[in-house]
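**Student:**
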Amino acid sequence: MLVQNLEVALIAYINTVNGAQCRGKPVHLTRGSTDEYCSKVQERLDRLIIFLRGSQKTKKELKEAYPEDNDYFSQIWQVQKDHMVEKLPTNYVFLLLPCYKPNCLHPVCTKGLLREPETWFKNGPPLFFIPLPIPDPARSSGGPCKSCKDDCNGHYLPPERQYEFVKKHGSEYCTQPPSKVLKEFAKTMKHVLKKR
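Numbering (full-length UniProt numbering), first residue to last: 1 to 196.
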(Lines of atoms letter the chains of each structure in order from A; the text may use other names.)
(Lines give C-alpha, C1' and ligand atoms only; values in the text may rest on other atoms or scores of the structure.)
Protein backbone atom coordinates (compact mmCIF):
# COMPACT_ATOMS: atom_id res chain seq x y z
CA MET A 1 0.00 0.00 0.00
CA LEU A 2 2.84 2.41 0.89
CA VAL A 3 4.57 1.80 -2.44
CA GLN A 4 1.32 2.51 -4.33
CA ASN A 5 0.74 5.74 -2.37
CA LEU A 6 4.30 6.88 -3.06
CA GLU A 7 3.83 6.04 -6.74
CA VAL A 8 0.64 8.16 -6.95
CA ALA A 9 2.30 11.04 -5.07
CA LEU A 10 5.33 10.90 -7.38
CA ILE A 11 3.19 11.02 -10.52
CA ALA A 12 1.17 13.94 -9.11
CA TYR A 13 4.35 15.84 -8.21
CA ILE A 14 5.94 15.33 -11.62
CA ASN A 15 2.73 16.37 -13.40
CA THR A 16 2.48 19.51 -11.26
CA VAL A 17 6.13 20.65 -11.37
CA ASN A 18 7.31 19.46 -14.80
CA GLY A 19 7.53 22.43 -17.17
CA ALA A 20 7.21 25.02 -14.38
CA GLN A 21 9.47 28.06 -14.66
CA CYS A 22 12.53 28.49 -12.46
CA ARG A 23 14.64 31.61 -13.11
CA GLY A 24 13.13 31.93 -16.55
CA LYS A 25 13.83 28.34 -17.63
CA PRO A 26 11.45 25.36 -17.57
CA VAL A 27 12.09 22.59 -15.04
CA HIS A 28 12.13 19.07 -16.52
CA LEU A 29 11.59 16.15 -14.18
CA THR A 30 12.23 12.55 -15.12
CA ARG A 31 10.93 9.55 -13.29
CA GLY A 32 13.64 7.37 -11.78
CA SER A 33 14.14 3.75 -12.69
CA THR A 34 12.19 1.02 -10.90
CA ASP A 35 13.30 -1.96 -12.98
CA GLU A 36 14.80 -5.19 -11.64
CA TYR A 37 18.39 -3.88 -11.68
CA CYS A 38 17.37 -0.78 -9.73
CA SER A 39 15.60 -2.95 -7.15
CA LYS A 40 18.74 -5.09 -6.79
CA VAL A 41 20.94 -2.02 -6.27
CA GLN A 42 18.48 -0.60 -3.74
CA GLU A 43 18.40 -3.95 -1.95
CA ARG A 44 22.21 -3.89 -1.64
CA LEU A 45 22.25 -0.40 -0.13
CA ASP A 46 21.91 -1.61 3.46
CA ARG A 47 24.77 -4.05 2.92
CA LEU A 48 26.92 -1.29 1.42
CA ILE A 49 26.31 0.87 4.50
CA ILE A 50 27.42 -2.04 6.70
CA PHE A 51 30.53 -2.47 4.53
CA LEU A 52 31.40 1.22 4.88
CA ARG A 53 30.34 1.99 8.46
CA GLY A 54 29.54 -1.26 10.22
CA SER A 55 31.25 -2.70 13.25
CA GLN A 56 33.79 -5.51 12.88
CA LYS A 57 31.11 -7.98 13.91
CA THR A 58 28.52 -6.82 11.34
CA LYS A 59 31.19 -6.68 8.62
CA LYS A 60 32.15 -10.28 9.40
CA GLU A 61 28.48 -11.30 9.26
CA LEU A 62 28.13 -9.50 5.91
CA LYS A 63 31.17 -11.33 4.54
CA GLU A 64 29.71 -14.70 5.56
CA ALA A 65 26.09 -14.05 4.51
CA TYR A 66 26.75 -12.14 1.26
CA PRO A 67 30.27 -13.01 0.04
CA GLU A 68 29.61 -11.86 -3.56
CA ASP A 69 28.42 -8.42 -2.46
CA ASN A 70 31.29 -8.10 -0.01
CA ASP A 71 33.84 -8.97 -2.73
CA TYR A 72 32.22 -6.49 -5.13
CA PHE A 73 32.31 -3.69 -2.52
CA SER A 74 35.94 -4.55 -1.69
CA GLN A 75 36.98 -4.34 -5.35
CA ILE A 76 35.24 -1.00 -5.86
CA TRP A 77 36.72 0.36 -2.62
CA GLN A 78 40.20 -0.71 -3.75
CA VAL A 79 39.76 1.09 -7.09
CA GLN A 80 38.69 4.21 -5.19
CA LYS A 81 41.72 4.00 -2.88
CA ASP A 82 44.13 3.44 -5.80
CA HIS A 83 42.69 6.34 -7.81
CA MET A 84 42.29 8.93 -5.03
CA VAL A 85 44.51 11.99 -5.32
CA GLU A 86 45.51 12.46 -1.70
CA LYS A 87 47.40 15.77 -1.71
CA LEU A 88 44.12 17.67 -2.04
CA PRO A 89 41.91 18.74 0.89
CA THR A 90 39.57 15.73 0.74
CA ASN A 91 36.76 17.41 2.65
CA TYR A 92 36.53 19.93 -0.23
CA VAL A 93 37.89 18.17 -3.33
CA PHE A 94 37.30 14.54 -4.30
CA LEU A 95 39.49 13.72 -7.31
CA LEU A 96 40.03 10.28 -8.80
CA LEU A 97 42.59 9.74 -11.56
CA PRO A 98 43.64 6.49 -13.27
CA CYS A 99 46.40 4.63 -11.40
CA TYR A 100 47.46 2.47 -14.40
CA LYS A 101 48.45 -0.37 -12.10
CA PRO A 102 48.62 -3.67 -14.04
CA ASN A 103 46.13 -5.45 -11.75
CA CYS A 104 43.59 -2.57 -11.57
CA LEU A 105 40.01 -3.44 -12.56
CA HIS A 106 39.20 -0.05 -14.05
CA PRO A 107 38.85 -0.23 -17.86
CA VAL A 108 41.00 2.89 -18.43
CA CYS A 109 43.85 1.42 -16.36
CA THR A 110 43.74 -1.96 -18.10
CA LYS A 111 44.56 -0.23 -21.42
CA GLY A 112 47.92 0.81 -20.00
CA LEU A 113 49.70 4.08 -19.36
CA LEU A 114 49.24 6.77 -21.98
CA ARG A 115 52.27 8.17 -23.80
CA GLU A 116 51.27 11.75 -23.08
CA PRO A 117 49.72 12.80 -19.76
CA GLU A 118 46.03 13.62 -19.98
CA THR A 119 45.28 17.33 -19.83
CA TRP A 120 42.24 19.46 -19.04
CA PHE A 121 42.29 20.79 -22.60
CA LYS A 122 44.64 20.70 -25.61
CA ASN A 123 48.11 21.91 -24.52
CA GLY A 124 46.65 22.60 -21.08
CA PRO A 125 47.77 21.58 -17.60
CA PRO A 126 47.68 17.89 -16.58
CA LEU A 127 44.57 16.46 -14.90
CA PHE A 128 46.33 16.16 -11.55
CA PHE A 129 46.55 19.97 -11.40
CA ILE A 130 43.49 21.47 -9.73
CA PRO A 131 43.36 25.27 -9.93
CA LEU A 132 42.65 25.98 -6.27
CA PRO A 133 43.02 29.56 -5.04
CA ILE A 134 46.70 30.26 -4.31
CA PRO A 135 47.60 33.37 -2.33
CA ASP A 136 49.97 35.59 -4.31
CA PRO A 137 53.25 35.68 -2.33
CA ALA A 138 54.12 39.08 -3.83
CA ARG A 139 50.82 40.63 -2.70
CA SER A 140 49.96 38.98 0.61
CA SER A 141 47.54 40.27 3.23
CA GLY A 142 48.85 43.30 5.11
CA GLY A 143 51.79 43.77 2.76
CA PRO A 144 52.53 46.63 0.38
CA CYS A 145 50.21 46.71 -2.61
CA LYS A 146 49.97 49.08 -5.58
CA SER A 147 46.38 48.16 -6.47
CA CYS A 148 44.81 48.65 -2.99
CA LYS A 149 44.20 52.12 -1.56
CA ASP A 150 44.17 51.22 2.13
CA ASP A 151 45.20 48.00 3.85
CA CYS A 152 45.65 45.13 1.42
CA ASN A 153 43.59 42.03 2.20
CA GLY A 154 45.77 39.90 -0.05
CA HIS A 155 45.47 38.75 -3.64
CA TYR A 156 45.48 35.41 -5.45
CA LEU A 157 47.55 34.23 -8.38
CA PRO A 158 45.77 34.37 -11.73
CA PRO A 159 45.06 30.94 -13.29
CA GLU A 160 47.83 31.28 -15.88
CA ARG A 161 50.46 31.62 -13.11
CA GLN A 162 49.04 28.93 -10.82
CA TYR A 163 50.36 25.91 -12.68
CA GLU A 164 53.90 27.30 -12.88
CA PHE A 165 53.75 28.06 -9.15
CA VAL A 166 52.59 24.51 -8.31
CA LYS A 167 55.32 22.98 -10.52
CA LYS A 168 57.93 25.02 -8.67
CA HIS A 169 56.63 24.86 -5.08
CA GLY A 170 54.30 21.83 -4.98
CA SER A 171 50.58 21.80 -4.25
CA GLU A 172 50.78 21.76 -0.44
CA TYR A 173 50.94 25.56 -0.39
CA CYS A 174 47.47 25.92 -1.89
CA THR A 175 45.75 22.92 -0.31
CA GLN A 176 45.78 23.87 3.33
CA PRO A 177 42.37 23.44 4.94
CA PRO A 178 40.51 26.67 5.74
CA SER A 179 40.80 25.91 9.48
CA LYS A 180 44.60 26.17 9.22
CA VAL A 181 44.44 29.31 7.08
CA LEU A 182 42.06 30.97 9.57
CA LYS A 183 44.27 29.98 12.50
CA GLU A 184 47.29 31.57 10.79
CA PHE A 185 45.24 34.66 10.01
CA ALA A 186 44.15 34.96 13.66
CA LYS A 187 47.81 34.80 14.75
CA THR A 188 48.72 37.51 12.24
CA MET A 189 45.86 39.71 13.40
CA LYS A 190 46.89 39.35 17.07
CA HIS A 191 50.41 40.42 16.07
CA VAL A 192 49.08 43.40 14.07
CA LEU A 193 46.73 44.49 16.87
CA LYS A 194 49.53 44.32 19.45
CA LYS A 195 51.59 46.74 17.34
CA ARG A 196 48.79 49.33 17.33
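For each residue, glycine too, the CB sits at the ideal point set by N, CA and C.
Taking Cβ to Cβ, would you say Y66 is nearer than 8 Å to R47?
**Tutor:** Going by C-beta atoms, Y66 is nearer than 8 Å to R47.
**Student:** With the cut-off set at 8 Å, would you say L29 and V17 are in Cβ contact?
**Tutor:** Yes. Within cutoff.
**Student:** Within the continuous alpha helix (DSSP H) that includes C38, where are the two ends?
**Tutor:** Taken as a continuous stretch (DSSP letters only), the alpha helix (DSSP H) holding C38 covers E36 to R53.
**Student:** Would you identify the three-state DSSP class for K63, choosing helix, strand or coil?
**Tutor:** Helix.
**Student:** Find the nearest neighbour of K167 within the set R139, P178, G143 and P131, judged by alpha-carbon distance.
**Tutor:** When only C-alpha atoms are compared, the closest one is P131.
**Student:** For L62, which residues from the same chain have a beta carbon less than 8 Å from its beta carbon, with the 5 sequence-adjacent residues on both sides left out?
**Tutor:** Within the same chain, L62 has close Cβ partners R47, I50, F51, G54, D69 and N70.
**Student:** I need the straight-line Cα distance from residue 227 to K190, nearest angstrom please.
**Tutor:** Examination of residue 227 is not possible in this model, given that the chain is present from 1 through 196 alone.
**Student:** Can you tell me where the alpha helix (DSSP H) holding residue 241 begins and where it ends?
**Tutor:** With the chain covering only 1 through 196, there is no way to say anything about residue 241.
**Student:** Compare the beta carbon distance of D136 and Y163 with 8 Å and say whether it is the shorter of the two.
**Tutor:** No.
**Student:** Do C152 and S141 come within 8 Å of each other at the CB atom, strictly closer than that value?
**Tutor:** Cβ distance < 8 Å, so S141 and C152 count as in contact.
**Student:** Rounded to the nearest angstrom, what separates F185 and L88 at their Cα positions?
**Tutor:** So the two alpha carbons sit approximately 21 Å from each other.
**Student:** With C-beta atoms as the reference, is T119 less than 8 Å away from L113?
**Tutor:** Result no, Cβ atoms of T119 and L113 do not sit closer than 8 Å.
**Student:** Who are the Cβ neighbours of K122 in its own chain at under 7 Å, not counting the five residues just before and after it?
**Tutor:** Around K122: no qualifying Cβ.
**Student:** Once DSSP output is grouped into helix, strand and coil, what is the label at C22?
**Tutor:** Strand.
**Student:** Give me the DSSP bridge partner(s) of T119.
**Tutor:** Answer by DSSP bridge pairing, in chain order: P126.
**Student:** Can you check whether the CB of Q75 is closer than 8 Å to the CB of L105?
**Tutor:** Yes, these two residues count as a Cβ contact at 8 Å.
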